[in-house]
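Numbering (the UniProt record's numbering), first residue to last: 1 to 348.
Ideal Cβ positions, reconstructed from N, Cα and C, are used throughout, including at glycine.
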Ligand SMILES: C[S@@+](CC[C@H](N)C(=O)[O-])C[C@H]1O[C@@H](n2cnc3c(N)ncnc32)[C@H](O)[C@@H]1O
């Protein structure tokens, strides 16, 4: 992956070189550009469309925000203009104190989050997202995974009982994409460039790879165990990849006990953010049923759930599948909106 990126960079550099610069004598003539395969062309068009849609949406949002700001400012100016001097002073004072209150509340919330996350780092359940699969994913899939990770971080930060979240195998393209996230360098999360098997070599016995292909059904979350989730957006194109990896490494595996609580309309393979959310919810409730019904979208379940779902919490907008169908996949900006205010920046 790194090598490929380096080659790409070289390509760009060469393109940007001025015409007048003489080519080094020992360079062989540039290799003829191979025409793209039909599949690659399709992918390229899809990527371009996605980029264009993303840029258009961003511009629309910016414009909307600007107009809203203008409208509110105008409204405020009009209110002041129509007020007496005494009312004016009162209005300005009340606006100031409202702002102060809001800021104090926000920083109080941030402080509390920091306390919770610090505690989770000391005694919380270890959960690892293994992001060592970037070489198997398209740019779009990596981007989707990065959004899912952002979502996981936000959900964990909001929880009253967060887990101790790790990202392992953070390198190459994955690292570059994560670094682009605003404030990522300040996230209160463990970032490891090494694989968990190296980084946690002294705790190999405690490693449990979560995979839908395991025959072992997870019953409880063991505080001593370290649960690993495959950081993959592959629409299950790489069937069994995490199961094989765990077996090769000689570590334990387990699957979520979904089948005991609900029937799924298709496979029981969930997205990374859904699995993290389920674990976080379980840490909060110690109840698989509530965790599954809160997180797994209705459309992924069949009508005949195994247990009475009427008492479980309704699925909120924000608990939708983050990999989802084609439209959803392309709509990463919407997801950003959900997460934007949430990622907690260490010390901010
Ligand atoms: C989109 S899935 C990746 C599927 C991939 N083909 C595989 O074989 O792991 C993302 C990750 O979520 C976790 N996961 C998804 N569904 C699960 C389930 N039913 N039980 C346990 N872990 C699951 C696994 O760690 C998985 O690697």
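Worksheet item: Hey, would you say the C-beta of residue 234 is under 7 Å away from at least one heavy atom of ligand 1?
Response: yes
Worksheet entry | Residues near residue 216 in its chain [Cβ-Cβ closer than 8 Å; skip 5 each side] | 252, 253, 254, 255
Worksheet item: Who pairs with residue 130 in a beta bridge, going by DSSP?
Response: 168, 230
Practice prompt. Could you tell me the distance, in whole angstroms, from the CA atom of residue 91 to the CA atom of residue 74?
Written response: 15 Å
Fill in: residue 423 CB to nearest heavy atom of ligand 1 below 7 Å
Nothing about residue 423 can be read from this structure; the chain reaches only from 1 to 348.
Item to complete: For residue 226, verify whether its CB is less than 7 Å away from any heavy atom of ligand 1.
Response: no
Worksheet entry | According to DSSP, residues forming a beta bridge with residue 192 | 168
Discussion item. Per the DSSP calculation, residue 209 is bridged to which residue(s)?
Written reply: 228, 253
Discussion item. DSSP three-state label for residue 269, please.
Written reply: coil
Practice prompt. Would you mind working out which of 193, 212, 144 sits nearest residue 50, comparing C-alpha positions?
Written response: 144
Fill in: beta-carbon residue 271 near ligand 1 non-hydrogen atom, thresh 7 Å
yes
Discussion item. Measuring straight from C-alpha to C-alpha, what distance separates residue 118 and residue 35?
Written reply: 53 Å
Fill in: N-terminal and C-terminal residue of the alpha helix (DSSP H) that residue 137 is part of
Counting along the chain, residue 137 falls outside any alpha helix (DSSP H), and DSSP gives it neither H nor E.
Worksheet item: How many whole angstroms separate the CB atoms of residue 165 and residue 189, which I take to be in contact at a CB cut-off of 8 Å?
Response: 5 Å
Discussion item. Contact defined as beta carbons within less than 8 Å: I believe residue 242 pairs with residue 230. What is the distance between those atoms, to the nearest angstrom?
Written reply: 4 Å
Worksheet item: Alpha carbon to alpha carbon, how far is residue 225 from residue 120?
Response: 14 Å
Worksheet item: Within 10 angstroms of its Cβ, does residue 78 collect 16 or more other Cβ (buried), or is it exposed?
Response: exposed
Worksheet item: Which one of 300, 108, 286, 274 has the shortest CA to CA distance from residue 153?
Response: 274
Fill in: DSSP-derived helix/strand/coil call for residue 301
strand
Worksheet item: Anyone know if the C-beta pair for residue 208 and residue 227 falls short of 8 Å?
Response: yes
Worksheet item: Starting from residue 118 and walking both ways along the alpha helix (DSSP H), at which residues does that stretch end?
Response: 85-123
Practice prompt. Below 8 Å on the Cβ atoms is my guess for residue 170 versus residue 131; work out the distance and round it to an integer in Å.
Written response: 6 Å
Worksheet item: In angstroms, rounded to a whole number, what distance separates the CA positions of residue 244 and residue 200?
Response: 19 Å
Worksheet entry | Reduced DSSP category for residue 243 - H, G, I as helix; E, B as strand; rest coil | helix
Discussion item. Once the 5 residues before and after residue 268 are set aside, which same chain residues still bring their CB inside 6 Å of it?
Written reply: 212, 258
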